[in-house]
Amino acid sequence: MTSGGRLLLDEHPARLGPKSRALLARLVVSLAIVEVVGSVLAFATNSDAWRSFGTSLIFPGVGFLYNAMPLLFVLTAALLVLALVLWWGASVHLAIPLVWLASAVVPAVLADGPRLWVDRGTNWTWSIVVAYGLAAAFVAIGVWRVERRFRRKRVLVPEINDYLRTVNLPEPIRSGRDPNAMDAELLRWCYSFAFQPDDDLVGLDWGEQFHSGTQVRYQLNGLVWSMSLYAANFVPNAPSVITDAIERVAFKHTDLRVWKYWRALNLFGNFDPNPDPICRDNIMFSAFFCDALNTLEAATGSKRFDEPGSLTFVWKDGRTFPYDHHSIAAAVRANYNRSKFGFFPCEPGWSFTVCNIMGAQSLRNHDALHGTSDWDEVRDSWARTLDEEYASPDGSYAHIRSNLVGLSWDTGEVPGGYYHTHGTHRFVDILPDHAWRAKALDLRGALPKMQGLAAMAKANSGRLDLEMPAELERHRTSSTSLLGWIKVIGGAYMAGEPELVEAAIDASERQCSTGLRWPERPVKIGGGGFGAYMQMRWSQPLDLAGLNIRGYVAPVGPILKSYDSQGILVTLARSDDGVSLDLGLQPMNGPLENSSLHFANLDASTRYSVTDSNGAAVVSGESDSEGTLTLGIPALSTAVRYRLGTPR
Amino acid sequence: MPAASNTSLRVRRALVLVVSAVFPFVLVRVGGHRGVHMARNLLFPGAGVLDHEPLLAAVCAVTAIAATVLWIRWGAGWVLLGVVLLTTAISGLVPSHVDHTDAIRNVSAAHEFPLVILVMGALAWARTILGRLPGLRALTGRRHQRQTGIAQIGSLKPVERCQAAAILSLAGARESDLGSAVGAADIARRAGRVGAVARLRFGGDPFRRDHAHARAAKLLCGLMDDNGVEQLAMDASATTLGVPCSEPTWIRPLDATLVAAALSRAGKAQSAEHWSAALNGPMALRRGHRPAWWWTPLDIGAGGAPTWEHAAFTGIARAHGWIGGDDWAVLRTRAMGAAARGAVTRDDERLVAASRIWLALEEDPEAARIVRRPGIRRDPLACALDRLASELCQNPHVLRGSTVDTPNRGELT
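Residue numbers (my numbering), protein chains in the order written: chain A, 10 to 657; chain B, 358 to 770.
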């Protein structure tokens, strides 16, 4: 529903979308059949074995209570919890049905067996009532919670719509940033990681690869995104080294350790032993990787991964699955085409909103770079799924829904299990109207806080004398205060407060820097949040959405074509006027003397000079007939700013 | 192939076949019940006394297994023969306490379980002899012990050290850098032990016969005089395949390839010609494998060479022009699998390195992208293979037609 071009909330929202309703109806019918069969067995037979079987069908494990075996009933409950975790975590869809069935068969088999504290053959017939009670309570609690949440959100709709009709959102920040010493350290870390041998992944956090927060794939995604932002915003005019670095990190996605988890999930969830990580489901890998490739190309213009077979995944038995940027996007599109639900799964049977937002981004921005139309053809059904199957009355979206039974719940991965938007672009490129509404809703509570912090910073000469409390990271094995700072920096961007962005970046460095280098991290945070922190720092003037919407634009002005990348860290290479070039140079290890920088794209008829930050000339020279200028640089001991320009 | 006496080979094979088939029947016929036990023992040492002396049976079995290993590793065939004969005699001499009053039922009952053992034993023994020793292969594919490349060549066992030195020499490493590795005392000690145990050779030059690996390394590293070269060439011509044995009666293909290359460099091309013919004949690729060994007394080859070894010796042979490129078709998937696994085990690292030799000679960009990814930096033998591969990448013909007079290039680092 729109008003004045603004996307408002539906004033008569449905509880469930049509597909979810159908799936849930199927589940209800199936459960009803089981209940009926259980009831018939419990009441219409004379055999204790069948009665216990039937009682367990009414509610899992109560057949053990019928047999006066309470410990086994408790064990069944524990196994059900484990089955639930396996279902959600590893797509073992048969876990709960198998436990349920076993909890019916085993008491039937043990019906005439010995009991622990009572006589053989004792039956607690009252347990049948307990079974119905538990079943009814289970359903009632579930329905009540869902209904209560729905009604609480629905009652807010008029108020929210009033807000949406009148709110004026802050303008996005369009100014740039200059890199500081911590940016240099972070960039140095990225290069150290990228330029280690191709088969090494030193510097990442390692752990369980399914759900934990230590998944290597997301850490690699984060590094590609971060470095792409740095390439576009800070060193567009020195593309060679950073492009090589980002390409290497992208290539590391093909390392078997990054994607081999998929075979187990595919086997458990789809009964398919195919280890190919791209062709079916696994949107958490294919779409994220495709989006990372889009971002790499938008930042650097690199076409390396457009070549067929340039991203070949090799299984441990030598089978190869050759892909490239285009075929990965095509696989994402094919999965959407196959999906009756409209979204397609991460783990088999589970479709996450955030991952499907990345799926949409991956198609949309691949189209923008290559002139395809995959997103156009998928958009309507995608948007319909988002708004019908995942939306809740207050404009938030469920994090997850089951493709098999239509259920959704709070898995604990995101606060409350709902969000207004997610993904790296927050709908900005795929559904701009939704992006506007999501930003408005997020700022509804956050804007006053951000404005308060901004005022605090302004009153203190741009400095925030605050410390953030430590929060548990996703993998739950360590805490960091940087997560809080990431939220503040992100909030400052949304609120359009550039001074607050700088102040928060500065405060985060003061609180969280470690002074360490690769393979340790220069800030105290785990691998999962490390990329997010760098993205926050480097999202000016282009954030990831802006970069992908813009696409690749070749840099104007002088280009730093080549230099001693082992000796020099180029932290800034930017031409704002197309004529001069601002440079930030820092030695990698120790002071340097007379290191040469080779420039290209110079005007052959122009005399150039290099001046330091005080305007003093360092060196000047003519460019040669090929448009390059070779300079010697004096010894450097710290990061120095230079400008290559034409003398007045 | 050398003009070996085909008639004498046929006679030898026939004799072995006849004796193996007839002797058990003779024992049963002549020896009665004792003969039955002795015949069982022929199939699996210890099986003849299992039903009445299980501890003795276990001792016999373990001794036979140890003797088999000694035969396979060092060529000490007489030890195995002696153990079999001894245990067979023991089976006949040690009285059985089985009650023979109900002879038929007791015999069948008494022999039922040992028969199972017999069958299992026969299968296991046959598998051990003729198969690829999968259990041992799993052990030998173990993770690295933190070796750190070519500089740790001295940490390799004598045979592998010689192989690595020979390969490095082919890759152009300096003789002086390899001399200490090849001239180490433990290599001579091993050769002396093998000669003494397998062939009762005591004293004198331990390398005067067999030990193809050590002699190839010595020749390539300039540690062999002219007499030694002549002797080596004579040993080579004495076998059907034209190469000397690694251990008495056992020709192993990697050692054979290295010694053929060494003799070829020393101007003795005949060995290389014969070995090339063997690689295209009795040692040819069949059903994706080449034989792991050749037993000279009966001139039979069998087993499947471990994949890394297959890749190594065929790669070197290919680089010399002795074989075509068919092996790469069967090796490439396995090589890519090893690369995907990260080449963290010793066998995988060697397979990846050996595959790079092939990739220097065959046009396969897809496999090259994959196989060149893992770093080869731990196992010294793998590093040697990788060094050779690098040399071949620069000049794929560097091994063809080279002689020992060609100046060595490069440094051992």
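For glycine and all other residues, C-beta sits at the position ideal for the given N, C-alpha and C.
| Item | Value |
| --- | --- |
| If distances are taken between C-alpha atoms only, which option among 629/B, 449/B, 369/B, 513/B comes closest to residue 384/B? | 449/B |
| If you drop the 5 nearest sequence neighbours on each side, which residues of the same chain put their C-beta closer than 7 angstroms to that of residue 763/B? | With a pLDDT of only 29 at residue 763/B, under 50, the local geometry of the prediction cannot be trusted, and the value read off the model is given with reservation. Contacts found: none. |
| I want to see whether chain B comes within less than 7 angstroms of residue 323/A, judged by CB atoms only; does it? | yes |
| Please decide whether residue 727/B counts as near chain A, where near means a Cβ-Cβ distance under 7 angstroms. | yes |
| Please give the ranges of any alpha helix (DSSP H) in the stretch 265 to 297 of chain A, keeping only runs that are unbroken, at least 4 residues long and fully inside the region. | 265 to 268, 270 to 279 |
| Determine, using beta-carbon pairs with one atom in the stretch 539 to 548 of chain A and one in the stretch 497 to 508 of chain A, whether at least three such pairs fall under 8 angstroms. | yes |
| Can you tell me which of the three DSSP states residue 608/B falls into? | strand |
| Starting from the N-terminal side, write out each stretch of the alpha helix (DSSP H) that is 4 residues or longer and does not extend beyond the stretch 502 to 559 of chain A. | 507 to 521, 536 to 546, 553 to 559 |
| Determine, for residue 327/A, whether the minimum Cβ-Cβ distance to residues of chain B falls below 7 angstroms. | yes |
| Taking one C-beta from the stretch 361 to 381 of chain B and one from the stretch 406 to 422 of chain B each time, how about it: are there three or more such pairs within less than 8 angstroms? | no |
| Which stretch, first to last residue, makes up the beta strand (DSSP E) that contains residue 620/A? | 616 to 621 |
| Tell me the residue span of the alpha helix (DSSP H) that contains residue 651/A. | Taken as a continuous stretch (DSSP letters only), residue 651/A belongs to no alpha helix (DSSP H), being part of the beta strand (DSSP E) at 649 to 654. |
| If contact is defined by three or more beta carbon pairs under 8 angstroms, each pair taking one atom from either stretch, is the stretch 436 to 451 of chain A in contact with the stretch 356 to 375 of chain A? | yes |
| For a contact meaning CB atoms closer than 7 angstroms, what does residue 206/A contact in chain B? | 732 |
| When you compare each of 40/A, 67/A, 38/A to residue 52/A by their alpha carbons, which one comes out closest? | 67/A |
| Do residue 612/B and residue 642/B have their CB atoms nearer than 7 angstroms? | no |
| With a cut-off of 8 angstroms, do at least 3 Cβ pairs link the stretch 734 to 746 of chain B to the stretch 521 to 532 of chain B? | yes |
| Residue 680/B and residue 651/B: beta carbons closer than 7 angstroms? | no |
| Closer than 9 angstroms, Cβ to any Cβ of chain A: which residues of the stretch 679 to 709 of chain B, in chain order? | 689, 690, 691, 692, 693, 694, 695, 696, 697, 698, 699, 700 |
| Distance, Cα to Cα, residue 528/B vs residue 591/B? | 26 angstroms |
| Which class does residue 595/A belong to by DSSP, given the choice of helix, strand or coil? | strand |
| Using a Cβ cut-off of 7 angstroms (strictly closer), state whether residue 33/A contacts chain B. | no |
| In terms of residues, what are the limits of the alpha helix (DSSP H) holding residue 371/B? | 363 to 400 |
| Roughly how many angstroms lie between the CA atoms of residue 109/A and residue 132/A, to the nearest whole one? | 20 angstroms |
| Measuring alpha carbon to alpha carbon, tell me which of 237/A, 243/A, 218/A, 293/A ends up nearest residue 269/A. | 218/A |
| Taking CB distances under 7 angstroms as the criterion, tell me whether residue 265/A reaches chain B. | yes |
| Could you pull the start and end residues of the alpha helix (DSSP H) that residue 196/A belongs to? | 190 to 203 |
| Taking 8 angstroms as the threshold, find out whether the stretch 317 to 336 of chain A comes into contact with the stretch 683 to 697 of chain B through three or more Cβ pairs. | yes |
| Given that a residue counts as buried once 16 or more other Cβ atoms are within 10 Å of its Cβ, and exposed if not, what is residue 470/B? | Note on residue 470/B: pLDDT 46, under 50, position unreliable in the model; no value is reported. |
| What residue from 73/A, 527/A, 354/A, 157/A has the CA that sits closest to residue 118/A's CA? | 73/A |
| Going along the chain, which unbroken runs of the beta strand (DSSP E) with 3 or more residues stay wholly within the stretch 398 to 449 of chain A? | 409 to 411 |
| State yes or no: is the C-beta of residue 609/A within less than 7 angstroms of the C-beta of residue 570/A? | yes |
| Tell me, to the nearest whole angstrom, how far the beta carbon of residue 660/B is from that of residue 632/B; I am working on the premise that it is less than 8 angstroms. | Contact doesn't hold; Cβ gap of about 18 angstroms is too wide. |
| According to the Cβ coordinates, are residue 614/B and residue 670/B closer than 7 angstroms? | yes |
| Cutting at 8 angstroms between CB atoms, please list the residues of its own chain near residue 525/A, excluding the five before and the five after it. | 531 |
| Let me know the secondary structure DSSP gives residue 135/A once reduced to three states. | coil |
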